[in-house]
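Contents: one structure, followed by commentary.
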Amino acid sequence: MLVDILITLLKIFFILGVTVGFFAPILTWVERKQSAIMQDRIGANRADILGFRALGLFHCIADALKMFTKEDFIPRGANKILHTLSPIVAVIPAIVTFAVVPFGGEYNLFGKQVNLVISDLDVGILFVFAVASLATYGYVVAGWSSNNNWSLLGSMRTASQMVSYEVTMGLTIIGVLMVYGTMRLTEIGAAQENFFNWGIFLQPLGFFMFLTAAIAENKRIPFDNPEAESELVAGYFTEYSGLKFGMFFMAEFIEMVTIAALVTILFFGGWQIPFVSTESITSLFDFLGTTASNAIAMLIHVGVFFGKVVFFIWFQMTIRWTLPRFRYDQIMNLGWKILLPLSLINVLVTGAVILARS
Amino acid sequence: MELLIFYPIAALAVVLALFVVFNKSPIGSAVSLIGLMLCLAGVFIGLSAHFVAILQVIIYAGAIMVLFMFVIMLLNLKDDDNVIWKSREGNTLLTVLTGFLVLGILYKIISITLSADSSKPAKIMESFGTTAEVGKSLFTTYVLPFEVASILLLVAMVGALVLAKTKID
């Protein structure tokens, strides 16, 4: 009992450390560097400690310091409680999502089966959707409580955009659930041990639609109408400063990691390595004993999982710095007139294929 | 142990429900309603109906309330003390009928609760409340009510579209 609690706590600290402690700050630097490379600039490299620049990595620290020390401003006429609450509501769901995302398989360590997921819920992927749909309120209420017309317009765009793309996202997932016959993300990951069972081969259309809808949910360029700088100043967070703005900022980057992790686990085999089964790794290191060989397999799998996650983060950033912002009506047309019918057809075709094969 | 979780959640749900009614600002009411939905989801989890709880969050707290908020913002309803809510003329009959309906439902709930044997907990299957189990009973035992409900929703959707379309044209 005590050991189980300890293991769960370790997993929680690991996930928190990786997402909030590592990815969120590092990604601010990566985004700057990538935009610099793509636009042929040298990029963020001014921050230095004693003349030592470390490729501009100190900008992460500078950013954090800046956000902590800036004045926390609440505009006149704003609803103080909701104005303070909404950035928290925006950032917490992004982190909580990771509770059901497995970052490795099941390993026998010291005679104990350790499952590398914080909570293996029966409703699995639905939990992700439930939590993600709550994040919407953070953005919607933020704009309303700011007592600012730009903010209000931004949050109205957020509400309509997130509701539209949630529908597509849910319907794309149904295809994946039908193929694997389970909602547990651990079982979906385990079912992809065979390379040709990967979601990308079984649900190719589903992958593209899921990624599109997910980026739209995250409100990044090309779907960043809710915060369109050239139209709405900064959209829903116009009136936010200091750490409250930092929370919105952080939520966006953590959501990027979440999307990458979900795409990895649903469509790209999660922690699995193509043509290399868990048994082959453990049997290769069998001379070290069960625990040691399992631990090696675990380390390799976690490494592979986060390697794939990093790849998809890079992929999202490339999209962000390649495409211009869509117009509002284009976003709505894409969501309701193209993606929604396509995802319905996808469900239909998947069902027909499953029926024909059984 | 279960009561330790149930009572705080239930009490919070009641308080939030009161907030929904007595809050002056529409958005405040909407936010309280979201909190209320989340509390109900908590109660469902206490009854080991995980799937229903998650659906409660996704559909009611997640999707429907976002639309409520969207409408409130679109109409830009602000806290206004000048608005006095009056019941419409000629609605007395409807009000009385609705009151009787609610009384009937309350009577039914109370009579079921009183007749239930609460001395020992009811036996439930190991798989109770899982997605597979809910899906099975929806598509076998309760397939008719399920289909009727979905057709009702479809009709409502088509109706809303027709109403909106005639306005636009």
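Chains as they are written, first to last, in our numbering: chain A, 2 to 359; chain B, 42 to 210. For glycine and all other residues, C-beta sits at the position ideal for the given N, C-alpha and C.
Margin query: Please confirm whether Met179(A) has its beta-carbon closer than 7 angstroms to some beta-carbon of chain B.
Written below: Not an interface residue.
Next item on the list: Report yes or no: is there a C-beta of chain B within less than 7 angstroms of the C-beta of Ala131(A)?
Entry: yes
Notebook entry, point to check: Quick check: the region 317-326 of chain A against the region 114-124 of chain A, are there 3 or more CB pairs under 8 angstroms?
Noted result: Counting C-beta pairs with one atom in each stretch, the region 317-326 of chain A and the region 114-124 of chain A have fewer than three that are closer than 8 angstroms, which means they do not touch.
Next item on the list: Check whether the Cβ of Thr279(A) lies closer than 7 angstroms to any Cβ atom in chain B.
Entry: no
Checklist line | Cβ neighbour criterion (16 or more within 10 Å) applied to Leu28(A) | finding: buried
Next item on the list: Using the Cα positions of Leu144(B) and Val137(B), report the straight-line distance between them to the nearest angstrom.
Entry: For Leu144(B) and Val137(B), the distance between alpha carbons rounds to 11 angstroms.
Item checked: Rounded distance between the beta-carbons of Gly52(A) and Trp30(A), thought under 8 angstroms -> About 19 angstroms separates the two Cβ atoms, so there is no contact after all.
Next item on the list: Output, in chain order, the set of chain A residues within a Cβ distance shorter than 7 angstroms of Ala102(B).
Entry: Leu135
Check: Can you tell me whether DSSP reads Val4(A) as helix, strand or coil?
Finding: helix
Note to self: Less than 7 angstroms between the C-beta atoms of Glu256(A) and Asn219(A), yes or no?
What the structure shows: yes
Check: Is the Cβ-Cβ distance between Met251(A) and Val141(A) less than 7 angstroms?
Finding: no
Next item on the list: Could you tell me the distance, in whole angstroms, from the CA atom of Ile113(B) to the CA atom of Val168(A)?
Entry: 22 angstroms
Note to self: For a test of the three-state rule: what should DSSP assign to Val124(A), helix, strand or coil?
What the structure shows: coil
Notebook entry, point to check: Between Gly112(A) and the rest of its own chain, which residues show a CB-CB distance below 7 angstroms, the 5 nearest in sequence each way excluded?
Noted result: none
Checklist line | Lys113(A): first and last residue of the uninterrupted beta strand (DSSP E) it sits in | finding: Lys113 to Asn116
Check: In chain A, which residues lie less than 8 angstroms from Leu115(B) when you measure between Cβ atoms?
Finding: Met157
Notebook entry, point to check: Cβ atoms of Asn334(A) and Gly207(A): under 7 angstroms apart, would you say?
Noted result: Asn334(A) sits away from Gly207(A), with the two beta carbons spaced by 7 angstroms or more.
Check: Are the CB atoms of Leu233(A) and Gly155(A) nearer to each other than 7 angstroms?
Finding: yes
Margin query: Using a Cβ-Cβ cutoff of less than 6 angstroms, which residues in the same chain neighbour Ile222(A) once the five nearest sequence positions on both sides are dropped?
Written below: Arg321 and Arg326
Checklist line | Residue burial classification, Met198(B) (beta-carbon count within 10 angstroms, cutoff 16) | finding: exposed
Note to self: Taking the alpha-carbon of Ile96(A) as reference, which of Asp5(A), Ala262(A) and Ile38(A) has the nearest alpha-carbon?
What the structure shows: Ala262(A)
Margin query: Restricting to Cα atoms, I'd like to know which of Leu83(A), Arg77(A), Ala48(A) and Ile82(A) is closest to Lys67(A).
Written below: Ranking the options by Cα distance to Lys67(A), first place goes to Ala48(A).
Notebook entry, point to check: Who pairs with Leu110(A) in a beta bridge, going by DSSP?
Noted result: For Leu110(A), which the question treats as bridged, DSSP gives the partners Lys113(A).
Notebook entry, point to check: Going by beta carbon distance, what residues of the same chain come within less than 7 angstroms of His302(A), once the five residues before and after it are set aside?
Noted result: Contacts found: Gly105, Gly106 and Trp272.
Item checked: Contacts around Leu212(A), its chain only, beta-carbon distance under 7 angstroms, and the 5 residues preceding and following it disregarded -> Val264
Margin query: Helix, strand or coil for Phe286(A)? Go by DSSP, reduced to three states.
Written below: coil
Notebook entry, point to check: What residue ranges within the region 11-88 of chain A form continuous alpha helix (DSSP H) runs of no fewer than 4 residues, ordered along the chain?
Noted result: 25-39 and 59-70
Margin query: Is the beta carbon of Gly200(A) closer than 7 angstroms to that of Phe306(A)?
Written below: Using a Cβ distance threshold of 7 angstroms, Phe306(A) and Gly200(A) do not count as a contacting pair.
Check: In terms of alpha-carbon separation, which member of Leu343(A), Phe224(A), Ser242(A) and Ala353(A) lies closest to Gly171(A)?
Finding: Leu343(A)
Next item on the list: With 7 angstroms as the threshold, decide whether the Cβ of Leu127(A) is near any Cβ in chain B.
Entry: For Leu127(A), at least one C-beta of chain B is nearer than 7 angstroms to its own C-beta.
Next item on the list: Rank Ile75(B), Leu45(B), Leu44(B) and Met42(B) by C-alpha distance to the C-alpha of Val56(B) and give the top, closest one.
Entry: The shortest CA-to-CA distance from Val56(B) to any of Ile75(B), Leu45(B), Leu44(B) and Met42(B) is the one to Ile75(B).
Margin query: Check whether the region 72-87 of chain A and the region 274-287 of chain A touch, using three or more Cβ-Cβ pairs below 8 angstroms as the test.
Written below: no
Next item on the list: Tell me, please, whether the CB atom of Met170(A) is closer than 7 angstroms to any CB atom in chain B?
Entry: Not one chain B Cβ lies under 7 angstroms of Met170(A).
Note to self: Any C-beta of chain A within less than 8 angstroms: which residues of the region 185-202 of chain B qualify?
What the structure shows: none
Checklist line | Bridge partner(s) assigned by DSSP for Val277(A) | finding: Ile274(A)
Next item on the list: Could you say if the region 126-143 of chain A and the region 45-52 of chain B meet the contact criterion of at least three C-beta pairs nearer than 8 angstroms?
Entry: no
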